[in-house]
Each structure stands twice: as structure tokens, then as C-alpha cells.
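Encoded as C-alpha cells, the structure appears first; notes follow it.
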Amino acid sequence: MYFSSLIKRLLFTVFILAVAANLSGIVNAEEDVSGKIIEVIGTGTIHGGNVAEARDQAIKNSLVSAVELAVADFLPLESMIQNFKILTEILYDNTSEFVEYYKVLTESVSKNKYRVLVQATVSIDAIEEKLISA
Numbered sequence: 201m202y203f204s205s206l207i208k209r210l211l212f213t214v215f216i217l218a219v220a221a222n223l224s225g226i227v228n229a230e231e232d233v234s235g236k237i238i239e240v241i242g243t244g245t246i247h248g249g250n251v252a253e254a255r256d257q258a259i260k261n262s263l264v265s266a267v268e269l270a271v272a273d274f275l276p277l278e279s280m281i282q283n284f285k286i287l288t289e290i291l292y293d294n295t296s297e298f299v300e301y302y303k304v305l306t307e308s309v310s311k312n313k314y315r316v317l318v319q320a321t322v323s324i325d326a327i328e329e330k331l332i333s334a
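Under the numbering used here, the letters of the sequence shown match residues 201 to 334, in that order.
In C-alpha cells:
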């Protein structure tokens, strides 16, 4: 069991290194060398009239979505499925490490929901470094 887990981690690391090497030559007009600009919608629920808390939750949810989308752009689905627990622990639970900057473009309240449209710059380099060191 331990050996199987070790092999999976080794293969995952080799795969990430290959992806990182492949991404090093890609340049997109919307990206700088290390960041990818992503627009996402986040939602928070208003409890007991606490709009500020709902807004904060909506922003946090949007930043998690931004990191998820950035990862999905360069990591194949099969690899995401096989390593979902690891990705959750090291990436999605720590999104502040990978979001370089964000701006709330617009926001809205509808019934008990608070929604924000956020533009976030996600550091691909930071994600790759974290995955390689995992």
C-alpha cells in the first residue's frame, strides 16, 4: 500500500514537471509570465442580515473558483481525478497563496444571496512550485 502511494506521488511529480516544462514556453496576451487573469462569480448566503459576511464569503468562493480554473487549464482531467485529495489540501484550501491580485468588478444582492463578479490574477508559477514540492 505504501509503495503504491509512493509510486503515485512520484508519477504525479514527474507529470507536473513535464507540464511545467511545457508551460514555460507558452505566452498569452492576457497573461504575464507568472499570472493568469480569470473572471469568476462567487456567491455567499446572507444569514441574519449579515451582508458583510456574505460578501466576504462570495469573494472567497470566487477566489477558490479562480484557482480551480487556473489548475484545470494545465492539468489533465485524469490527473485531477487521481490527485483530487492532494489538490484540495495543497491548493484549494490555500487559495490566498496563489492569488496575486483581485478586483471586485460588480456585486449584487438577490433575496438572501450576495454575488460578486471578480477578476483575479492567479500565479501559475506559485501553483506549479507548490505541486512540485508536494
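Glycine included, C-beta positions come from ideal geometry on N, C-alpha and C.
- Counted as a single uninterrupted DSSP element, the beta strand (DSSP E) harbouring Glu300 occupies residues Val299 to Ser310.
- With fewer than three CB-CB distances shorter than 8 Å, the stretch 241-251 does not count as touching the stretch 273-285.
- The straight-line gap separating the alpha-carbon atoms of Ala334 and Arg255 is approximately 32 Å.
- With a cutoff of 8 Å on beta-carbon distance, Val304 and Ala266 are scored as not near each other.
- Taking C-alpha positions only, Lys285 is separated from Leu269 by approximately 17 Å.
- Assignment of Ile237 by DSSP, reduced to helix, strand and coil, places it in the strand class.
- Ile259 is the residue among Ile259, Ile238 and Ser234 whose C-alpha sits nearest the C-alpha of Lys313.
- The shortest C-alpha to C-alpha distance from Asp293 to any of Leu263, Gly248 and Glu328 is the one to Leu263.
- The straight-line gap separating the alpha-carbon atoms of Ser308 and Arg315 is approximately 5 Å.
- In this chain, the alpha helix (DSSP H) harbouring Ser265 covers Val251 to Phe274.
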